[in-house]
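*Asks:* Dropping a structure here in structure tokens format, bear with me for questions.
Chains as they are written, first to last, in my numbering: chain A, -12 to 397; chain B, 6 to 242.
Shown next as structure tokens:
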């Protein structure tokens, strides 16, 4: 054989291997995009579900939050400070089923100091007795606010997990003094870690709770109105009735006529769930369509490239048949190759999806949750793409006439 | 000198229904191109037969029929006394795997596999254990002088070396019959002689060899020459 011809053949052989590599890469990439979308959608929905459960647990299925102002009709200049001490007193006295009523006001961006250590950006909340229990928020140490603290406008506070860790580290903050915007407060309790930082905008654990009276006196806030009231009910199964009674009571207290809009908003765990369901639905439609298209594209890339592969490697198929490979062995070989490529694509897609999910979580767009379910679902889908889209080329390979196949593509 | 009849062809014929337009169309009868007609041939165990003829004489088709890669249109083909018409695809595959070894003009080695892997290939479709297949492949490659080329890919082997790898592959499952289609067609004359010598050695171990060639020198090495012309056996002379 001439050297020139030999070199040509060698070059063509290298070319074939390289082109197969590029082709394999395309298959892997095509499938991986599909699996990445799938991974993202499943982890995001799992994340949203967990978040929903956590939020309902945190919010409390037996509790409502009344906000001043009407969230649904946010007319310009509408007052949001519509709730008063009188409302609180009347709810406590006459609303059937209500057993815990806690009014709240907040002041953002407090600066805390202990010795020469400072920590700023903490969210300050003024509340009355039983703040922690009305939010189903266990204390990791110390005690909740009590009525005496409120009556005396005592300079005491509950510290959230974040400032407690920042200022005290492993030390117990209970009994210690922190300066809040230069006013000294004694810490009486520490809230446990809630860890709902992601997605919500601000860190729930970065807060400090003091008696409402103390907040209005020491920080010069309006003493009559406040922003929100938490109401906890017995018999949560009658929540709808509770909410209606509460609404009627507030309307009459605020002297609203039959044609007037509410000047308050009642939020229940149901509302939270509705919002989350809406969010999840949008996510499902958007990512679901993306995932379906990506998976389909990946599958078609696979089917087409494999079809070319079968034609190009027809001599290999013919040879194997001549050497005694049954048709089933040929089919299995191509299916196995397809499955291998899609599994690699699946693993890559899984990594890409989780990476993208982490990135989006970091941006606060969504929350993802990894589970083995996602792992197996992704790989099973990848395998399914390989088998479903690889089947036709594999069957074509198996059905080839060995003599024609040996002759190679015309 | 020859053993009992191994291959027996009785009135064998082959017609290609979908005839290509071009050379060969003059053979067209009612339903297509007749490639082989009324072939009667007996080949005994241990024989070395050269099948000679010009291109288009039907010799490759005859080899394919004997190798169970194709089915006849007319007549009977008895292999070891058994009518091959009864065999389904998988049974034919099993016979090819266990009893027939193929050697081709263009070697047909898988480019991305090493010499050793290529030789082991027929073993992959048998139920022999992997270690035994490997040991047998190594032994054959050593015997054919390729001990130091075992882990080379075909692109790094010369034509003669590639054909020896193909020979080792054909011998892996210890078949009774070796079918070779122009095995020296792409080799220079020196290498051709080596390969033909190899066929003779193999024949001396009792294996039947049927070799298609248009090369007179190659045909001379055989014990028996059969000439084909226009799809008919025109005699040994």
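All residues carry an ideal CB built from backbone N, CA and C; glycine is no exception.
So is residue 231 (chain B) in contact with chain A if we call contact Cβ pairs under 8 angstroms?
*Replies:* Not closer than 8 angstroms to any Cβ of chain A, the Cβ of residue 231 (chain B) fails to qualify, so no.
*Asks:* In chain A, which residues lie less than 9 angstroms from residue 126 (chain B) when you measure between Cβ atoms?
*Replies:* Simply 306, 307, 310, 312.
*Asks:* Report the residue ranges of all alpha helix (DSSP H) runs contained in full by the region 294 to 359 of chain A; include only those spanning at least 4 residues, in chain order.
*Replies:* DSSP runs (the alpha helix (DSSP H)) wholly in the region 294 to 359 of chain A: 301 to 309, 314 to 350.
*Asks:* Are the beta-carbon atoms of residue 305 (chain A) and residue 393 (chain A) separated by less than 8 angstroms?
*Replies:* For residue 305 (chain A) and residue 393 (chain A), yes; Cβs fall inside 8 angstroms.
*Asks:* Name, please, each residue of chain A whose Cβ falls closer than 8 angstroms to the Cβ of residue 157 (chain B).
*Replies:* Correct list: empty, because the minimum Cβ distance to chain A is about 12 angstroms.
*Asks:* In three-state terms, what does DSSP make of residue 113 (chain B)?
*Replies:* Three-state DSSP puts residue 113 (chain B) in coil, outside helix and strand.
*Asks:* Under the DSSP definition of a beta bridge, which residues are partnered with residue 79 (chain B)?
*Replies:* Partner(s): B:18.
*Asks:* Determine, using beta-carbon pairs with one atom in the region 105 to 121 of chain A and one in the region 193 to 202 of chain A, whether at least three such pairs fall under 8 angstroms.
*Replies:* Yes, the region 105 to 121 of chain A is in contact with the region 193 to 202 of chain A.
*Asks:* Rank A:164, A:154, A:174 by C-alpha distance to the C-alpha of residue 131 (chain A) and give the top, closest one.
*Replies:* That would be A:174, whose Cα lies nearest to the Cα of residue 131 (chain A).
*Asks:* Can you pull the chain B residues whose beta carbon is under 8 angstroms from the beta carbon of residue 393 (chain A), in chain order?
*Replies:* Ordered by position in chain B, the residues that pass the 8 angstroms Cβ test against residue 393 (chain A) are 109, 113.
*Asks:* Using a beta-carbon distance below 8 angstroms, is residue 67 (chain B) in contact with chain A?
*Replies:* With 8 angstroms as the cut-off, residue 67 (chain B) does not count as an interface residue toward chain A.
*Asks:* Could you tell me which chain B residues have their CB closer than 8 angstroms to the CB of residue 390 (chain A), listed as they occur along the chain?
*Replies:* Result: 69, 74, 75.
*Asks:* Is it true that the CB of residue 128 (chain A) sits closer than 8 angstroms to the CB of residue 176 (chain A)?
*Replies:* Yes, Cβ-Cβ distance for residue 176 (chain A) and residue 128 (chain A) is below 8 angstroms.
*Asks:* Compare the C-beta of residue 273 (chain A) with all C-beta atoms of chain B and state if any pair is closer than 8 angstroms.
*Replies:* It does not; no Cβ of chain B falls within 8 angstroms.
*Asks:* Suppose the cutoff is 7 angstroms on Cβ atoms and the five residues either side in sequence are ignored; what does the same chain contact list for residue 137 (chain A) look like?
*Replies:* So the list reads 115, 116, 198, 199, 200, once near-sequence residues are dropped.
*Asks:* Should residue 122 (chain A) be labelled buried (16 or more other beta-carbon atoms within 10 Å of its own) or exposed?
*Replies:* The residue in question, residue 122 (chain A), is buried, as its Cβ has 16 or more Cβ neighbours within 10 Å.
*Asks:* Along the chain, which unbroken stretches of the alpha helix (DSSP H) at least 4 residues long are found entirely within the region 211 to 240 of chain B?
*Replies:* Runs of the alpha helix (DSSP H) inside the region 211 to 240 of chain B: 221 to 225.
*Asks:* Answer yes if the region 207 to 224 of chain B comes into contact with the region 180 to 195 of chain B, meaning at least three C-beta pairs across the two stretches below 8 angstroms, and no otherwise.
*Replies:* Yes, the region 180 to 195 of chain B touches the region 207 to 224 of chain B.
*Asks:* I want to verify the contact list: residues of chain A whose CB lies under 7 angstroms from the CB of residue 205 (chain B), in sequence order.
*Replies:* Here the premise fails: no neighbours, minimum Cβ distance about 23 angstroms.
*Asks:* Helix, strand or coil, according to DSSP, for residue 34 (chain A) in the structure here?
*Replies:* Residue state, collapsed to three classes: helix.
*Asks:* Mind pulling the chain B residues with CB within less than 8 angstroms of residue 303 (chain A)?
*Replies:* Near residue 303 (chain A) (Cβ distances below 8 angstroms), the residues of chain B are 115.
*Asks:* Please work out which residues of its chain come closer than 8 angstroms, Cβ to Cβ, to residue 184 (chain A), disregarding the five sequence neighbours upstream and downstream, and give them in chain order.
*Replies:* Any reading at residue 184 (chain A) must be qualified, since the residue scores a pLDDT of 46, below 50, and its modelled position is unreliable; the value itself is stated next. 190, 191, 192.
*Asks:* Any beta carbon of chain B sitting closer than 8 angstroms to that of residue 316 (chain A)?
*Replies:* Closer than 8 angstroms: yes.
*Asks:* Just list the beta strand (DSSP E) runs in the region 154 to 195 of chain B, keeping only unbroken ones of 3 residues or longer that don't cross its boundaries, in chain order.
*Replies:* Fully enclosed beta strand (DSSP E) runs of 3 or longer: 182 to 186.
*Asks:* Less than 8 angstroms between the beta carbons of residue 20 (chain A) and residue 385 (chain A), yes or no?
*Replies:* Their beta carbons are not under 8 angstroms apart, which means residue 20 (chain A) does not touch residue 385 (chain A) by this criterion.
*Asks:* Would residue 197 (chain B) pass as an interface residue toward chain A - the criterion being a Cβ-Cβ separation below 8 angstroms?
*Replies:* No - not a single Cβ of chain A is within 8 angstroms of the one on residue 197 (chain B).
*Asks:* If you draw a straight line from the alpha carbon of residue 75 (chain A) to that of residue 221 (chain A), how long is it in whole angstroms?
*Replies:* The alpha-carbon atoms of residue 75 (chain A) and residue 221 (chain A) are separated by roughly 17 angstroms.
*Asks:* To the nearest angstrom, how far is it from the Cα of residue 85 (chain B) to the Cα of residue 106 (chain B)?
*Replies:* Near 16 angstroms, if we compare the C-alpha coordinates of residue 106 (chain B) and residue 85 (chain B).
*Asks:* Tell me, please, whether the CB atom of residue 94 (chain B) is closer than 8 angstroms to any CB atom in chain A?
*Replies:* It does; some Cβ of chain A falls within 8 angstroms.
*Asks:* Any beta-carbon of chain A closer than 8 angstroms to the one on residue 99 (chain B)?
*Replies:* Yes, residue 99 (chain B) lies at the interface with chain A (some Cβ there is under 8 angstroms from its Cβ).
*Asks:* Under a Cβ-count criterion, where at least 16 other Cβ atoms within 10 Å of its own Cβ denotes burial, should residue 229 (chain A) be classed as buried or exposed?
*Replies:* Per the 10 Å Cβ criterion, buried.
*Asks:* Alpha carbon to alpha carbon, how far is residue 182 (chain B) from residue 27 (chain A)?
*Replies:* Cα-Cα distance, rounded: 59 angstroms.
*Asks:* Compute every distance between the C-beta of residue 79 (chain B) and the non-hydrogen atoms of the ligand ZN, then say whether any falls below 7 angstroms.
*Replies:* The ligand content of the structure shown is nil, which means the ligand ZN is not present either.
*Asks:* Identify the contact partners of residue 102 (chain B) in chain A, using a Cβ-Cβ distance below 7 angstroms as the criterion.
*Replies:* Residues of chain A passing the Cβ test: 310, 311.
*Asks:* Residue 130 (chain B) versus chain D: which residues are under 8 angstroms apart at the beta carbon?
*Replies:* The structure shown has no chain D; the protein chains it does contain are A and B.
*Asks:* In the structure shown, what three-state DSSP assignment does residue 48 (chain A) receive?
*Replies:* Here residue 48 (chain A) sits in coil by DSSP.
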